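Top to bottom, those sequences are chains V and S. Start counting the first sequence at 1; every next residue gets the next number (the working numbering). Start counting the second sequence at 1001; every next residue gets the next number (the working numbering).
Number of protein chains: 2
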Amino acid sequence: MGMPTPVDLDTLDNGPEPSWEVLDRLLDQADDKALQAYLEELPLGELAFAVSHLKEADQLSMLERLPPDLAAQVLDEVPYIQVTEWLDDLKPQSAAAILEELPSDEQADLIGDLEEKDAEAILDEFEPEQAESLRELVRYDDEEAGGLMITEFLAYPAWYTVQNVVEDLRENAEEYNRYPSQYLFVVDDQRRLSGVMRMRDLLLKPMGARLDSFMQDDPHYVNHHDGMDVLDDFFDRFPLLGVPVLNQQQHLLGIVIRSDFMEAWGEKQDEDYMRSQGVMEEELRSMPLLRRMRGRLPWLTANIFLSIVAASVIAMNQDILAELIALAVFLPIVSGVSGNAGFQAVAVSMRELSLGVVRPEEVGRVVLKEMGLGLANGLILGLVLSGLAWFWQGNLWLGLVVGTAMAVNTMFSAVLGGCMPLMLKKMKLDPAVASGPILTTLTDMAGFFLVLSLAAFLMTRLAS
Amino acid sequence: MGMPTPVDLDTLDNGPEPSWEVLDRLLDQADDKALQAYLEELPLGELAFAVSHLKEADQLSMLERLPPDLAAQVLDEVPYIQVTEWLDDLKPQSAAAILEELPSDEQADLIGDLEEKDAEAILDEFEPEQAESLRELVRYDDEEAGGLMITEFLAYPAWYTVQNVVEDLRENAEEYNRYPSQYLFVVDDQRRLSGVMRMRDLLLKPMGARLDSFMQDDPHYVNHHDGMDVLDDFFDRFPLLGVPVLNQQQHLLGIVIRSDFMEAWGEKQDEDYMRSQGVMEEELRSMPLLRRMRGRLPWLTANIFLSIVAASVIAMNQDILAELIALAVFLPIVSGVSGNAGFQAVAVSMRELSLGVVRPEEVGRVVLKEMGLGLANGLILGLVLSGLAWFWQGNLWLGLVVGTAMAVNTMFSAVLGGCMPLMLKKMKLDPAVASGPILTTLTDMAGFFLVLSLAAFLMTRLAS
């Protein structure tokens, strides 16, 4: 974790010529040195961009030709999903050599996401005990502490003195440099965690002092099966750079580094966003067409049937529509605008849930809050729309119908949108995915129904 | 930054009775001790929830009654927007006393977001030179390095020995414990940055060694005016816990801590999400109604006019609709589903932009990619819908019309949705906010137009 040579951050903005063309050239030549030199010099942010524009074959040959440590740096730069693709296709030896250069948590994540046989082939390239510990890590879910922890940490017995530790640090400085943690852990002969200290604390103590004479006992920890929400709350609450991970027997298994967790947390929210927009599988445009269809088509097809359901409300009231065709103009307006009012409420609920200021049980409170706001906004929107309708179609009663429908449906949609994430979360469903479709369908149906049934009720007046 | 006493993370799930009721009781009693004790024991995640359920007056009196350091912890727990509300309303002395307990970057952020006069009143409570340095920090934009940095860091002259440093650390251990950074900086007599080392490096060196004998020279740094994208790229690329911030004269002004940045970055994306859903001002349901309306109403009103524009396409073709009222059923289906195909493309583009695998100039590439996928999906969706229409309305030609419209509009919407974020970014507009409205309006118009004009073209066949 030493400091690499400085990089001119300005190259970010005024980048040079599109660098994948240069890469292309270099790959066609046999000159690996030049390729290396170029990649090592590549300005910040260029690499992912350049690589993602290469033909897949070229991407692989590049990785095969680079020294493993540099190849590993390339992996760090490109989207995760792309990395797994590569590892599946690389020769096991090459893949293993590159993985060797990564921290244990990334090794486990990647191997866990490979196809069974590729994973096994790669693991066979590791030394048996390393392969074994990797297999254990792989068994963890990516979203639990055990799946996010690294197993590179420093742990010493309680009777060690500062002197002992410093000597050990000196001997293994080379290796320990790769350890991100700034903490030392104190464990008993069962490797049960008994204390912790920051490395810099050693500076302030006499060389002869025993670790247990100044360590923090009762350190914080998480259980290896704790989920991301527990970790998120932990790091929210405590300004620590990492947290030790213990199993039921209190054995120290590893540590979750704050920045690693933050990254994973960010990716998780990234995927939630994609799924909330109906992209069901991670997609990069460099992927083959069929693969990309698989991610997008399911939701669109489901969407057709949902909107048929909504539109059937119109079908059932065609006669009313036929009597006053102008209503057809306002159906999409009412359902569309009030639908958006619902999505605003969804957004606020999603955020309040993630901030922890509202809980799934509090549907009642949210209903009240959204009812008030929905009514207020609904009335204003209703007035605006009825005015427009009156002015546009020269029909006061028409204005009354669509205005009322808008007001009522806006309130309905806001209340519904506000509660949905809470209820879905309570049902252990993913609010990000499910909120949208349900809300759209229901508010469309309600909107169509309100406009058309109010019209039916006032038809005599409307037709006049 | 020492380790607080452990917390039972289980209380997260099976929390005790809603704790704001307890808080309410404690606030009614005069017993500050009990209130403190309760807050100090409050399980993880409870605090923000509890406080956000108190009446505003109670929230303030609670802060006034707590010892400043505990009050500062409360501030750390609740949403930022709420904190600024409080500081505006607290007595300047109390506000200043609480701010004293926070790191300089948070002090500056908060003071910067207060109303002018409140900010000045609070700053007057600080010692002059501290107030001055705060005023300087406040001048920075929240989203540039200077606005994100903390000014608590350790810097020593090059001729200092390990001995000198360790003595200084010993003397000021108390204060330095609040410093999050794990690095030591080496500066010349002008406070220009000349080198850096990790604290733990001191452990490995003889007490007599001069800092410049083993420091890393040419350390990385960012300029105080660099934006969040530069910092994001920096922390992506280098596994460092912080980065020094220099001005044009290379003076060391402060450091940006990785975890602080990650937090700010996460909040930024949070706000983008809210705005993308049409919530224009940060909202918590605990805020007053009018304030919440201000955040939601503008977009809804704009939305009415946009959807009027779209619906005017229907208005202009009412006669066709009147001839075959069944078409009205399919208008929302075609525009809705293809609209969603567009939002999928928006999501993929937003993500590829943030991953750096696509650039604003690459509209051409995205058009091609989305055209292929949009056509493929469009054909399938078109077939499905025409089949459904034929079966449902018993009119093959109707099926042909809506199926074709669906296919064409899906491709159009995908292409449009894919390019929009790139084009908006190029125009320095916020893709998160602007993509949605534009896309919806255009795909609705196109969808309505396609269905109705195709119908007009085939009307003889349709009517038969």
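The beta carbon of each residue, even a glycine, is placed where N, CA and C say it ideally should be. Bear in mind that the values here come from a model prediction, so they are computed numbers and not experimental data.
At a CB-CB cut-off below 7 Å, which residues of chain S make contact with R258/V? S1259
What's the call for D201/V, buried or exposed, on a 16-neighbour Cβ count within 10 Å? buried
I'd like to know whether the C-beta of W1086/S is nearer than 9 Å to at least one C-beta of chain V. With 9 Å as the cut-off, W1086/S does not count as an interface residue toward chain V.
List, in order along the chain, the chain V residues whose C-beta lies closer than 7 Å to that of S1019/S? Simply none; closest approach about 11 Å.
Hey, quick one: how far does the beta strand (DSSP E) through R1198/S stretch, first residue to last? 1193-1198
Note down, in chain order, every chain S residue with its Cβ under 7 Å from the Cβ of K369/V. Against K369/V, the close residues of chain S are R1285, in the order they occur along the chain (beta-carbon pairs closer than 7 Å).
Can you have a look at W159/V and say buried or exposed, based on whether 16 or more other CB atoms are within 10 angstroms of its CB? exposed
Quick check on the burial criterion: 16 or more other C-beta atoms within 10 angstroms. Buried or exposed for N1177/S? exposed
In angstroms, rounded to a whole number, what distance separates the CA positions of P1332/S and I1380/S? 18 Å
Between which two residues does the beta strand (DSSP E) harbouring V357/V extend? No beta strand (DSSP E) contains V357/V, which DSSP labels as neither H nor E.
One question on the structure: do N1377/S and T1404/S come within less than 9 Å of each other, judged by their Cβ atoms? no
Check whether the Cβ atoms of A326/V and A1315/S sit closer than 9 Å, and answer yes or no. yes
In this structure, what does DSSP give as the bridge partners for R210/V? T161/V
Sub-9 Å separation of L1114/S and T1084/S beta-carbons: yes
Less than 6 Å between C-beta atoms, sequence neighbours within five positions excluded: which residues of the same chain meet that for A345/V? E370, A414, G417, G418
I'd like to check one pair, V1051/S with V1022/S: are the Cβ atoms closer than 9 Å? no
Rounded C-beta distance between L1462/S and N1395/S? I'm assuming under 8 Å. Your pair L1462/S and N1395/S checks out as a contact, with CB atoms roughly 7 Å apart and the cut at 8 Å.
Please classify Y183/V: does DSSP put it in a helix, a strand, or coil? strand
Taking G447/V and S335/V to be in contact with their CB atoms under 8 Å, please state how far apart those CB atoms are, rounded to whole angstroms. 3 Å
Burial state of G1387/S, where buried means 16 or more other Cβ atoms lie within 10 Å: With fewer than 16 other CB atoms across the displayed protein chains lying within 10 angstroms of its CB, G1387/S is exposed.
Proximal residues of chain S, C-beta to C-beta of E352/V below 7 Å: L1284, R1285
In its own chain, which residues sit with a C-beta less than 7 Å from the C-beta of I255/V, not counting the 5 before and 5 after it? So the qualifying residues of the chain are M149, I150, F153, S181, G242, V243, P244, V245.
Residues that Q249/V contacts on chain S, provided the C-beta gap is smaller than 9 Å: Result: empty, since nearest Cβ-Cβ is about 17 Å, beyond 9 Å.
Please confirm whether T997/S has its beta-carbon closer than 9 Å to some beta-carbon of chain V. Here chain S comprises residues numbered 1001 to 1464, so residue 997/S is not present and cannot be evaluated.
Tell me whether the beta-carbon of F185/V lies closer than 9 Å to the beta-carbon of L252/V. yes
Which residues does DSSP pair with P244/V in a beta bridge? I255/V
Do F412/V and G374/V count as a contact pair if the criterion is CB distance below 9 Å? Against a cut-off of 9 Å, the Cβ pair of F412/V and G374/V comes out as a contact.
If you draw a straight line from the C-alpha of F1261/S to the C-alpha of I257/V, how long is it? Rounded to whole angstroms, F1261/S to I257/V spans 15 Å at the Cα level.
Per-residue contacts from R210/V into chain S (C-beta, under 7 Å): Near R210/V there are no residues of chain S at all, since even the closest Cβ is about 17 Å away, more than 7 Å.
So T301/V is in the alpha helix (DSSP H); what residue range does that whole segment cover? 289-315
Taking only the alpha-carbon atoms, compute the straight-line gap between W390/V and V401/V and give it to the nearest angstrom. 10 Å
What's the C-alpha gap between L102/V and L70/V? In a straight line, the C-alpha of L102/V is about 11 Å away from that of L70/V.
State the CB to CB distance for the pair L137/V and A95/V, rounded to an integer number of angstroms; the pair is presumed to be in contact (CB under 8 Å). Contact flag wrong, Cβ pair sits at about 17 Å.
Would you kindly work out how many angstroms separate the C-alpha atoms of R1493/S and P1157/S, rounded to a whole number? This structure cannot speak to residue 1493/S, because chain S is shown only from 1001 to 1464.
Could you give the first and the last residue of the continuous alpha helix (DSSP H) run that contains R1461/S? 1431-1463
Do we get a CB-CB distance below 9 Å when we pair R461/V with the residues of chain S? no
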